[in-house]
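In what follows, a structure is listed as structure tokens, so that the remarks can point back to it.
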Amino acid sequence: MGSRNKEVPISFENLEPRLTPYNITAVGILFHGDHETMYEASTELYRLPQRTDGGSATRLDHLYGSLGVIKKNETDWKPIFPYTYYVQWSLYWYANISTLNDFASRGYNVIHIVPTGDLGDTPFPWDEFEPYLQRADELGLFFQYDVRWDYTNLTTMIDQVTRLRSHPSILLWYTGDEPDGKSNPINSTAIAYETIRGLDMYHPVSLALNCYDFYYEDYASGADIIMSDVYPISTNTSWSTVYDTPCNATYGCCGCDDCNGRFEDVSDRLDNFAYFDEVIGWPKAHWGAPQAFGNETFWTRYPTAEEEVIMTMLSINHAAKGIVMWDFPTSADILNVTDALATVLTSEIVANFLVGAPITQKLNVTGGGRVDAAAWVQGDKMLVSVLNLNYEDITEAISITLPGMVSADSIASTLWGTSEWAISNSEMVVTLMSINPGLTSRFPESFQFSPHHQIVLSYYNP
0 MGSRNKEVPI SFENLEPRLT PYNITAVGIL FHGDHETMYE ASTELYRLPQ RTDGGSATRL
60 DHLYGSLGVI KKNETDWKPI FPYTYYVQWS LYWYANISTL NDFASRGYNV IHIVPTGDLG
120 DTPFPWDEFE PYLQRADELG LFFQYDVRWD YTNLTTMIDQ VTRLRSHPSI LLWYTGDEPD
180 GKSNPINSTA IAYETIRGLD MYHPVSLALN CYDFYYEDYA SGADIIMSDV YPISTNTSWS
240 TVYDTPCNAT YGCCGCDDCN GRFEDVSDRL DNFAYFDEVI GWPKAHWGAP QAFGNETFWT
300 RYPTAEEEVI MTMLSINHAA KGIVMWDFPT SADILNVTDA LATVLTSEIV ANFLVGAPIT
360 QKLNVTGGGR VDAAAWVQGD KMLVSVLNLN YEDITEAISI TLPGMVSADS IASTLWGTSE
420 WAISNSEMVV TLMSINPGLT SRFPESFQFS PHHQIVLSYY NP
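Residue numbers (numbering that gives the first Met the number 0): 0 to 461.
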């Protein structure tokens with residue numbers, strides 16, 4: 000009573016695998032004196048047959064919002080934290096199939112090919128594209144496969160899903176890129192979702208939303224995973240430099256809806272969507288789509304390497320279970336830092352925390368403002384992520400209160416960052432240092448950035 004997200008073991012032995020759902024009803028009884036109160040909730044449960052066609056299957060864990068995947072004849076689910084870029088076909092991939100080798104070597108585990116150029120042709124150029132599918136499978140890369148359909152014509156989407164649903168490298172589908180920002184019909188995403196579910200039950204569906212609050216329930220009903228396009232760096236959030244109009248809660252377009260030009264725009268959007276989910280009563284997973292571009296339309300420059308890390312980790316600190324940056328190719332500084340961060344976020348030790356452990360957000364911080372901290376606890380270990388959102392040092396020591404009744408014993412390792420941490424009972428203590436943003440050329444010799452971020456692994460007494 001008074002708790003949530005509690006795991007209750009249930010045996011599936013008597014549930015035969017099938018493609019149609021079981022109707023499950025959970026009943027709870029609260030006794031108080033001679034009276035009792037009964038609570039009841041119902042849901043649908045799918046137990047799908049094991050694949051025999053060589054394809055992949057992706058499981059969405061609604062407890063943590065994370066993904067697990069199996070390929071071909073595998074039976075053990077592999078947790079995956081997707082970390083990658085949107086990459087336009089006509090700007091990178093089409094040049095040579097060896098681009099896949101280069102991309103995989105950088106540490107990214109998923110590819111999102113934006114279907115520009117001849118990938119938008121009808122009929123689809125399968126002879127040209129099939130070798131990329133084969134090579135991705137050989138490299139162990141998964142696809143967030145972009146069917147970016149025209150809502151007036153489902154034919155192409157149906158053709159691609161039907162052809163690729165049994166491919167071993169499909170992780171999930173991507174059906175819509177900012178349908179809310181384009182004011183597509185509010186039922187369009189749900190039509191796409193139901194169409195795909197009728198063709199493929201083994202992979203979830205994703206889309207990206209552009210707006211802070213524009214028919215969220217309608218558009219989000221068309222996906223299992225909602226991505227947030229929040230691009231706050233180097234844009235005027237009160238006056239549109241493109242349309243020469245003001246921007247406010249009801250009018251105007253400044254490239255970042257209802258933003259203030261601060262890092263917190265990223266976390267506010269994720270928190271707001273999570274609040275909507277709570278009110279609606281559905282379990283949606285959320286991913287981040289950090290800004291990795293600039294020098295165009297609303298944005299006067301690229302983010303710095305430090306800003307890129309902060310936007311990514313702020314998304315993760317606020318429960319994003321995947322990251323797909325827009326877009327690649329990007330600046331050399333951003334690419335260098337995301338290559339390095341890829342080796343951390345896709346590593347088994349970090350991924351297991353991010354996708355397989357409960358997150359405690361907004362840890363209490365004393366000694367400094369605009370510090371965002373989150374923790375993941377698993378067994379006798381805890382992963383802590385701390386971000387200084389300021390563009391200057393916090394010169395006083397700050398203390399971070401660890402979640403629950405946790406009392407840390409020691410710092411096992413610092414996976415990112417260089418600040419020296421100390422353990423004091425239920426707190427971690429540190430002085431968050433930074434360097435002048437103009438000194439980012441010191442990368443990769445130093446991972447100490449302004450704004451600053453730390454990922455720390457510690458041991459504790461449960």
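A virtual CB, placed ideally from N, CA and C, is assigned to each residue, including glycine. Treat the numbers as computed from the prediction; the structure is a model and nothing was measured.
About 6 Å separates the Cβ atoms of Ala318 and Ile358, confirming a contact at the 8 Å cut-off. For the region 328-385, the full-length beta strand (DSSP E) segments reaching 3 residues or more read 370-377 along the chain.
By the Cβ-count criterion, Met37 is exposed, with fewer than 16 other Cβ atoms from all chains shown falling within 10 Å of its own Cβ.
In the displayed model, Trp125 falls within a helix according to three-state DSSP. Contact between Leu208 and Asp228 holds: CB atoms are separated by about 7 Å, below the 8 Å threshold. Under the DSSP assignment, Ile309 falls in the alpha helix (DSSP H) whose first and last residues are 304-316. Straight-line measurement puts the Cα of Gly67 at about 26 Å from the Cα of Ala40. Sixteen is the threshold: since fewer than 16 other Cβ atoms of the shown chains lie within 10 Å of the Cβ of Lys5, the residue is exposed. Separation of Gly27 and Gln360 (C-alpha to C-alpha, rounded to the nearest whole angstrom) is 29 Å. In the DSSP assignment, Phe141 falls within the unbroken beta strand (DSSP E) covering 141-145.
Beta-carbon to beta-carbon, Trp298 and Tyr211 are separated by about 18 Å, too far to satisfy the 8 Å threshold.
Looking at the DSSP output, Lys70 shares a beta bridge with Ser55. Secondary structure within the region 89-135: the alpha helix (DSSP H) runs of 4 or more consecutive residues, fully enclosed, are 97-104 (chain order).
For Tyr274, the uninterrupted alpha helix (DSSP H) segment begins and ends at 263-279. Selection Thr51, Met310, Asn22, Asp158 evaluated against Ser266 yields Met310 as nearest (Cα-Cα).
Residues of the same chain with a CB within less than 6 Å of the CB of Phe327, apart from the 5 flanking positions on each side, are Tyr84, Val86 in chain order.
By alpha-carbon distance to Ser398, the top candidate from Val385, Met404, Ser314, Lys283 is Val385.
The region 140-155 and the region 167-176 touch, with no fewer than 3 CB-CB distances between them shorter than 8 Å. For Val26, the pairing in a beta bridge is given by DSSP as Glu39. For Ile399, the enclosing beta strand (DSSP E) stretches over residues 397-400. Closest in C-alpha terms to Met404, from the list Asp379, Ser165, Gly355, Tyr214, comes Asp379. Minimum Cα-Cα distance from Val146 among the listed residues Ser89, Pro167, Asp101, Leu206 corresponds to Leu206. DSSP places Ile9 outside both helix and strand once states are collapsed to three, so it counts as coil. The secondary-structure analysis by DSSP pairs Tyr173 across a beta bridge with Asp145, Ser205. Pairwise C-beta distances place the region 197-204 in contact with the region 45-60, as three or more of them are shorter than 8 Å. Between Cys252 and Ser239, the CB-CB gap stays under 8 Å. According to the DSSP assignment, Tyr218 belongs to the alpha helix (DSSP H) that extends over 215-219. The three-state secondary structure of Ser187, taken from DSSP, is helix. Here Ile410 carries a strand assignment [DSSP, helix/strand/coil]. The beta carbon of Pro402 sits closer than 6 Å to those of Thr359, Ala374, all from its chain and outside the five residues before and after it, given in chain order.
Rounded to the nearest angstrom, the gap between the Cα atoms of Leu14 and Pro20 is 10 Å. For Val429, no alpha helix (DSSP H) segment is defined; the enclosing uninterrupted segment is the beta strand (DSSP E) at 426-429. About 20 Å separates the CB atoms of Phe123 and Leu170; that is not less than 8 Å, and the two are not in contact.
The beta carbon of Val113 sits closer than 7 Å to the beta carbons of Tyr85, Val86, Gln87, Trp88, Asp145 from its chain, once the five residues preceding and following it are set aside; these are given in chain order. Counted as a single uninterrupted DSSP element, the beta strand (DSSP E) harbouring Ile79 occupies residues 77-79. Collapsing the DSSP output to three states places Val405 in coil.
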